[in-house]
Amino acid sequence: MSLDTLFKPTSIAVIGASIKPHRAGSVVIKNLLLGGYQGTILPVHPKYKSVNGILCYRAVSELPLKPDIAILCTKGERNVDLFNDLAVSGVKTVIVMASDMGLAFDEHCTLEQQCLQIAQQSGMRVLGPNSLGILLPWQNFNASFSPVDCKPGKLAFISQSSAVCTTILDWANDKSIGFSAFLSIGSGLDIDFDELLDYLARDSKTESILLYVDSIRDARRFMSAARAASRNRRILVLKAGRHNLMNRSQTDQSASFDIVYDSAIQRAGMLRVNNTHELFAAVETLTHSVPLRGERLAVITNGIGPANMALDSLTDRGGKIAELSEATITKLSSVLPNAWPKSNPIDLVGDATAKRYCDALNVVLDSDDVDAILIMHSPSATADSQQTASDVIATLQNHPKSKRFNILTNWSGEATAKEARLLFTNHGIPTYRTPESAVTAFMHLVEYRRNQWQLMETPTTTDSYTTEQLSKAHEWLASHVESISEERNFTQLESHVCEQLFDLFNLPTLPTWLAHDPTEAIHLAENIGYPVTVKLRSPDIAHKSDIHGVMLNLRDANEVSSAAQSILDRTQLSYPNARIEGLTVQQMAKVAGGQEIRVKMVTDATFGPAIFIGQGGSDWKIEKEAVTALPPLNMALARYLIINAINKGTIRFQQSPNPVNLANLAQFLVKISQIVVACPEIHELDIHPLLLNGDDITILDASVVIKGYEGEPQARLAIRPYPTEMEEIITLKDGSSISLRPIRPEDEPYHADFIKNVTKEDLYKRFFSDVGEFNHEALANLTQIDYDREMAFVAVDLSYPTPHIIGVSRVLVTPDNSDAEFAILIRSDLKGKGLGRVLMNKIIDYCKGKNTRQISGMTMPTNRGMLTLAQKLGFELDVQFEDGVADMVLVLAR
Numbered sequence: 001m002s003l004d005t006l007f008k009p010t011s012i013a014v015i016g017a018s019i020k021p022h023r024a025g026s027v028v029i030k031n032l033l034l035g036g037y038q039g040t041i042l043p044v045h046p047k048y049k050s051v052n053g054i055l056c057y058r059a060v061s062e063l064p065l066k067p068d069i070a071i072l073c074t075k076g077e078r079n080v081d082l083f084n085d086l087a088v089s090g091v092k093t094v095i096v097m098a099s100d101m102g103l104a105f106d107e108h109c110t111l112e113q114q115c116l117q118i119a120q121q122s123g124m125r126v127l128g129p130n131s132l133g134i135l136l137p138w139q140n141f142n143a144s145f146s147p148v149d150c151k152p153g154k155l156a157f158i159s160q161s162s163a164v165c166t167t168i169l170d171w172a173n174d175k176s177i178g179f180s181a182f183l184s185i186g187s188g189l190d191i192d193f194d195e196l197l198d199y200l201a202r203d204s205k206t207e208s209i210l211l212y213v214d215s216i217r218d219a220r221r222f223m224s225a226a227r228a229a230s231r232n233r234r235i236l237v238l239k240a241g242r243h244n245l246m247n248r249s250q251t252d253q254s255a256s257f258d259i260v261y262d263s264a265i266q267r268a269g270m271l272r273v274n275n276t277h278e279l280f281a282a283v284e285t286l287t288h289s290v291p292l293r294g295e296r297l298a299v300i301t302n303g304i305g306p307a308n309m310a311l312d313s314l315t316d317r318g319g320k321i322a323e324l325s326e327a328t329i330t331k332l333s334s335v336l337p338n339a340w341p342k343s344n345p346i347d348l349v350g351d352a353t354a355k356r357y358c359d360a361l362n363v364v365l366d367s368d369d370v371d372a373i374l375i376m377h378s379p380s381a382t383a384d385s386q387q388t389a390s391d392v393i394a395t396l397q398n399h400p401k402s403k404r405f406n407i408l409t410n411w412s413g414e415a416t417a418k419e420a421r422l423l424f425t426n427h428g429i430p431t432y433r434t435p436e437s438a439v440t441a442f443m444h445l446v447e448y449r450r451n452q453w454q455l456m457e458t459p460t461t462t463d464s465y466t467t468e469q470l471s472k473a474h475e476w477l478a479s480h481v482e483s484i485s486e487e488r489n490f491t492q493l494e495s496h497v498c499e500q501l502f503d504l505f506n507l508p509t510l511p512t513w514l515a516h517d518p519t520e521a522i523h524l525a526e527n528i529g530y531p532v533t534v535k536l537r538s539p540d541i542a543h544k545s546d547i548h549g550v551m552l553n554l555r556d557a558n559e560v561s562s563a564a565q566s567i568l569d570r571t572q573l574s575y576p577n578a579r580i581e582g583l584t585v586q587q588m589a590k591v592a593g594g595q596e597i598r599v600k601m602v603t604d605a606t607f608g609p610a611i612f613i614g615q616g617g618s619d620w621k622i623e624k625e626a627v628t629a630l631p632p633l634n635m636a637l638a639r640y641l642i643i644n645a646i647n648k649g650t651i652r653f654q655q656s657p658n659p660v661n662l663a664n665l666a667q668f669l670v671k672i673s674q675i676v677v678a679c680p681e682i683h684e685l686d687i688h689p690l691l692l693n694g695d696d697i698t699i700l701d702a703s704v705v706i707k708g709y710e711g712e713p714q715a716r717l718a719i720r721p722y723p724t725e726m727e728e729i730i731t732l733k734d735g736s737s738i739s740l741r742p743i744r745p746e747d748e749p750y751h752a753d754f755i756k757n758v759t760k761e762d763l764y765k766r767f768f769s770d771v772g773e774f775n776h777e778a779l780a781n782l783t784q785i786d787y788d789r790e791m792a793f794v795a796v797d798l799s800y801p802t803p804h805i806i807g808v809s810r811v812l813v814t815p816d817n818s819d820a821e822f823a824i825l826i827r828s829d830l831k832g833k834g835l836g837r838v839l840m841n842k843i844i845d846y847c848k849g850k851n852t853r854q855i856s857g858m859t860m861p862t863n864r865g866m867l868t869l870a871q872k873l874g875f876e877l878d879v880q881f882e883d884g885v886a887d888m889v890l891v892l893a894r
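The sequence shown runs contiguously to residue 894 in full-length UniProt numbering.
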């Protein structure tokens, strides 16, 4: 249902309005009046005749009109009755301020659950409970309990915390930063981040969006909305609870790993900040900065000590210092003292004057060596703080190339630098008190740019598994699900068993056998061939290394016998009550020159399956010593994961004559991702270790936790994978066969070739404007779609060895599933084959499957082919010749 009544209210009822100061009902009324709201205000309270001079009504039933919004400033215990009254009155939006809505209503549900049920039955939308309210400065609308108002601006803020709201508002007013919308969603019972992101991403007043997140209620909806919104708006996320790590086991994970939130935020093209200080810095940077064109940073300073602090922070965060060309160094040498170090940072020396700052800045602005410039100033007798700031601002304003660079300033000090920093702020130049905060702000730009690149990357993929492979794997998993005992709802399988599963997927394993005593271990070793490895097999001992339960490179029967008996003896001594299932025997892997890492899949409580990689080891702290990504992965995303692990030091590859083939490792991770996506019964998968040796990859040891799963397999994934089930082969009128399937990210080059075979006239009919050549970003938007909310089907000619797209149909469904806007484009030289009908029917079937209420489209009155087809398929046409448009609507559900 639309949020228009929340964002464009013409009337508001304040229920629980009060004349007592500091009561929510009093503050809300005063904020509405002081904010200059021009709509109708309707106070409701049984005891008052007026509130703040406004006629007050005794009950909802006595209101003279139906308000757009009802804001409840009442205790939770009263709200169920009030919701019933509001439902009868036909109110469409309710804001709930009460924080005690989690109390029991009856033995079956809480107060908030009962209110939500009433709201859903009557079509009401709910903001809250525990909401501070909403502020819409451009409309002079302050329906909040906030003691601080806000100014109009281009920044939207959505928060789950009321306390954070007031902190942000107070800071923003001090910095003269305004907002397009300011919303406190509280617990997000109904209206949540996803719908607000959808709305604000289309709002002309909003350029950037800030989120304060305690937790995510619906990961799929959040990720879908965030990925769509971040293509059009800058989104920053402050996520609390980074160290709120509850005790987890492989069968009871009641809290999410913080690094999974990190991965989700990055995957959606957003930027995460770690605290309010970073949030303020990031807002200031992103509010005033042009898009970052590169990562090379130049530092201009009058003190090398603060500059070194900046460089330390830059290095710690993975940033890059720019290298100055000989030409730039020569030009700088002509305006700087001989003592300057002739490198970056550009040290102007302690007696630097304001003129020296401006001369050096002009040289750097003239060069092509850098992308961003950090100008630093420490209190100095020769360069007055405020005057130097004024001269630097004038230099930037007068230089023709200054807009190409990201400019940041760090004026250190308190009393001497305060006015200078205010001067920078007033001229829209980001300024910071410390070197570290300036570099942190710069790295926000860098990290945001990297996340956007990842969002727009053109991925490649590996071959999917065959239907036969998947069928056998599902049979194998089903047989083990059936064997799960009633006492436990899972079973854990070790290497010698789950090796069978890996073999079904052609994953490289080291064959493993299970022995029950030293004699059987010798027999297996003789058959395998020496050298061998012998390992303890016990479900009660998580880390074999605790009792030296792994013996390597055993070269004969005596060594095997001695090692096997020693392992059993040590286990009996240290863990007398542990269950011992036997000893696994493996051929000794070729570890010389190899590297070992750990790959693990854990089912996160919020985001579902997540893939972790790191160095591993018996004391591996996964939340600190791993990086993670959400499936589905493709080759591009897998490479990002590996590079991230290397950069963060969670994987440390040693120098080796056989360097690890990172492409092969990425392909392996993609295969693991595909297995996870296809097999919902796999609750956890742990490969420990994975041996990497040049081009070779071998699973040395592994375990799999299997649980029964009911329902739609893809529902557990935060990001909907490519819908293979929608692929089909179609025969056209002329007898030719085409593949009709959803579009893939790797279709980008084929989509570009397809557009080249469409005439300008047909493109104009499709896009209603003259379109030039499509760049990577435009093509990425067409091919990298969110299958949860958007669908594009491509018709691929099967007569070519490589994909040749000959037609595309596209449909974008509104978040409430009320309407689906469609568009069709066919190669201009292939019309008349019935391809349009095929593509249109595919869209109609898709929308029927989603229970979408109607399909709509727009074309030009001259596009007779499209209009004729639409009419034959049952669309209602509305041709408006004066406006040059023709609307087409097909109602699917009344």
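Glycine included, C-beta positions come from ideal geometry on N, C-alpha and C.
Check: How many angstroms separate the CA atom of N406 from the CA atom of L445?
Finding: Here residue 406 refers to the residue found at position 406 of the sequence shown. Here residue 445 refers to the residue found at position 445 of the sequence shown. Spanning the two alpha carbons is a distance of roughly 9 Å.
Check: Cβ atoms of F668 and V660: under 7 Å apart, would you say?
Finding: Start at 1 with the first residue of the sequence shown, and residue 660 comes out as number 660. Start at 1 with the first residue of the sequence shown, and residue 668 comes out as number 668. No, they are not a contact pair.
Notebook entry, point to check: Does the pairing of the stretch 154 to 161 with the stretch 181 to 189 give three or more beta-carbon distances under 8 Å?
Noted result: yes
Next item on the list: Determine the burial state of G849: buried for a count of at least 16 other Cβ atoms within 10 Å of its Cβ, exposed for fewer.
Entry: Mapped onto the sequence shown, residue 849 falls at position 849. Under this definition G849 is an exposed residue.
Check: Are the beta-carbon atoms belonging to D391 and A354 less than 7 Å from one another?
Finding: Here residue 391 refers to the residue found at position 391 when the sequence shown is read from its first residue. Here residue 354 refers to the residue found at position 354 when the sequence shown is read from its first residue. Yes. Within cutoff.
Check: Any idea what DSSP makes of Y199, helix, strand or coil?
Finding: Within the sequence shown, residue 199 is the residue found at index 199, counting from 1. Correct three-state label for Y199: helix.
Next item on the list: Give the range of the alpha helix (DSSP H) segment to which I304 is assigned.
Entry: Residue 304 sits at position 304 when you count from the first residue of the sequence shown. Run containing I304: 304 to 316, per the alpha helix (DSSP H) assignment.
Next item on the list: Classify residue 948 as helix, strand or coil using the three-state DSSP reduction.
Entry: The first residue shown for the chain is 1 and the last is 894, placing residue 948 beyond what the model contains.
Notebook entry, point to check: What did DSSP end up calling Q714 once you bin it into helix, strand or coil?
Noted result: The count along the sequence shown starts at 1 and reaches residue 714 at position 714. DSSP places Q714 in helix when its eight states are reduced to three.
Notebook entry, point to check: Taking buried to mean at least 16 other C-beta atoms within 10 Å of its own C-beta, is Q114 buried or exposed?
Noted result: Looking up residue 114 in the sequence shown gives position 114. Label assigned to Q114: buried.
Next item on the list: Use the C-beta contact count for I729: other C-beta atoms within 10 angstroms, 16 or more gives buried, fewer gives exposed.
Entry: To locate residue 729, count along the sequence shown from 1; it is residue 729. So I729 counts as exposed.
Check: Okay, do the stretch 472 to 482 and the stretch 550 to 567 touch, 3+ Cβ pairs below 8 Å being the bar?
Finding: no
Notebook entry, point to check: By Cβ distance, which residues of its chain are closer than 7 Å to Y177, with the 5 residues on each side in sequence left out?
Noted result: Residue 177 sits at position 177 when you count from the first residue of the sequence shown. Reading the sequence as shown, one finds Ile at residue 177 and not Tyr. Around I177: G153, L155, V283, T287.
Margin query: Taking its Cβ as the centre, do 16 or more other Cβ atoms sit within 10 Å of P453, making it buried, or is it exposed?
Written below: Here residue 453 refers to the residue found at position 453 of the sequence shown. Residue identity differs from the one stated: residue 453 is Trp in this sequence, not Pro. With fewer than 16 Cβ atoms within 10 Å of its Cβ, W453 is classed as exposed.
Next item on the list: If I'm right that T416 touches P379 with Cβ under 8 Å, what's the distance once you round it to whole angstroms?
Entry: Sequence index remark: in the sequence shown, residue 416 carries index 416 (1-based). Sequence index remark: in the sequence shown, residue 379 carries index 379 (1-based). Yes, they are in contact, since the Cβ atoms of T416 and P379 sit about 5 Å apart, within 8 Å.
Notebook entry, point to check: In this structure, does DSSP put S208 in helix, strand or coil?
Noted result: The sequence position of residue 208 within the sequence shown is 208, counting from 1. Strand.
Next item on the list: Kindly provide the ranges of any alpha helix (DSSP H) runs that are 4 or more residues long and lie completely inside the UniProt domain "ATP-grasp" (499 to 535), ordered along the chain.
Entry: 518 to 528
Check: Where do the ends of the alpha helix (DSSP H) carrying N644 lie?
Finding: Here residue 644 refers to the residue found at position 644 when the sequence shown is read from its first residue. Its alpha helix (DSSP H) spans residues 635 to 648.
Item checked: Inter-residue Cα distance where the pair is L103 and C150 -> Here the question's residue 103 lines up with position 103 in the sequence shown. Here the question's residue 150 lines up with position 150 in the sequence shown. Distance between the alpha carbons of L103 and C150 is about 33 Å.
Next item on the list: Can you have a look at R744 and say buried or exposed, based on whether 16 or more other CB atoms are within 10 angstroms of its CB?
Entry: For this step, residue 744 is matched to residue 744 along the sequence shown. Buried, because 16 or more other Cβ atoms sit within 10 Å of the Cβ of R744.
Check: Between the C-alpha atoms of A87 and S769, what's the straight-line distance to the nearest angstrom?
Finding: Along the sequence shown, read from residue 1 onward, the residue named residue 87 stands at position 87. Along the sequence shown, read from residue 1 onward, the residue named residue 769 stands at position 769. If I take the Cα positions, the gap works out to 46 Å.
Note to self: Taking 7 Å as the threshold (C-beta atoms), are T491 and I682 in contact?
What the structure shows: Locating residue 682 in the sequence shown gives position 682, where the first residue counts as 1. Locating residue 491 in the sequence shown gives position 491, where the first residue counts as 1. No, Cβ-Cβ distance for I682 and T491 is not below 7 Å.
Checklist line | Simplified DSSP assignment, three categories, for S61 | finding: On the sequence shown, position 61 is the one that residue 61 refers to. Note: S61 maps to helix in three-state DSSP.
Next item on the list: Figure out for me which residue from A564, G350, V260 has the closest Cα to the Cα of P609.
Entry: Taking the sequence shown and counting its residues from 1, the one referred to as residue 609 is at position 609. Among A564, G350, V260, the Cα nearest to that of P609 is on V260.
Check: Which partner residues does A626 have in the DSSP bridge list?
Finding: Counted from its first residue, the sequence shown places residue 626 at position 626. A626 pairs with G614.
Notebook entry, point to check: Do you know offhand how far T3's Cα is from I71's?
Noted result: If you number the sequence shown from 1, residue 3 lands on position 3. If you number the sequence shown from 1, residue 71 lands on position 71. Note that residue 3 is Leu in the sequence shown here, rather than Thr. Straight-line Cα distance between these residues: approximately 15 Å.
Item checked: Burial state of F7 (16 or more Cβ within 10 Å) -> To locate residue 7, count along the sequence shown from 1; it is residue 7. By the neighbour-count rule (16 or more Cβ atoms within 10 Å), F7 is buried.
Checklist line | With 16 other Cβ atoms within 10 Å as the buried cut-off, status of R293 | finding: The count along the sequence shown starts at 1 and reaches residue 293 at position 293. It is exposed - the Cβ of R293 has fewer than 16 other Cβ atoms within 10 Å.
Notebook entry, point to check: Thinking C-alpha only, which one of M635, I597, V602 is nearest S618?
Noted result: Against the sequence shown, residue 618 aligns to sequence position 618. The shortest C-alpha separation from S618 is found at I597.
Checklist line | Separation of V599 from M866, as counted between CA atoms | finding: The residue given as residue 866 occupies position 866 in the sequence shown. The residue given as residue 599 occupies position 599 in the sequence shown. For M866 and V599, the distance between alpha carbons rounds to 51 Å.
Notebook entry, point to check: Do you know offhand how far A327's Cα is from R356's?
Noted result: For the purposes of this step, residue 327 is taken as residue 327 along the sequence shown, with counting starting at 1. For the purposes of this step, residue 356 is taken as residue 356 along the sequence shown, with counting starting at 1. Cα to Cα, the separation comes out at about 18 Å.
Next item on the list: Examine the Cβ distances between the stretch 529 to 549 and the stretch 563 to 581 and report whether three or more of them are shorter than 8 Å.
Entry: yes
Check: In whole angstroms, what is the alpha-carbon distance linking V273 and A605?
Finding: For the purposes of this step, residue 273 is taken as residue 273 along the sequence shown, with counting starting at 1. For the purposes of this step, residue 605 is taken as residue 605 along the sequence shown, with counting starting at 1. Taking the straight line from one Cα to the other gives about 22 Å.
Next item on the list: Give a yes or no on whether 7 Å exceeds the smallest Cβ distance from P67 to chain C.
Entry: In the displayed structure, chain C is absent; only one protein chain is listed.
Checklist line | Cα-Cα separation between P511 and E526, rounded to whole angstroms | finding: By 1-based counting over the sequence shown, the position of residue 511 is 511. By 1-based counting over the sequence shown, the position of residue 526 is 526. For P511 and E526, the distance between alpha carbons rounds to 14 Å.
Item checked: Collapsed DSSP secondary structure at H45 in the structure displayed -> By 1-based counting over the sequence shown, the position of residue 45 is 45. The answer is coil: DSSP assigns H45 none of H, G, I, E or B.
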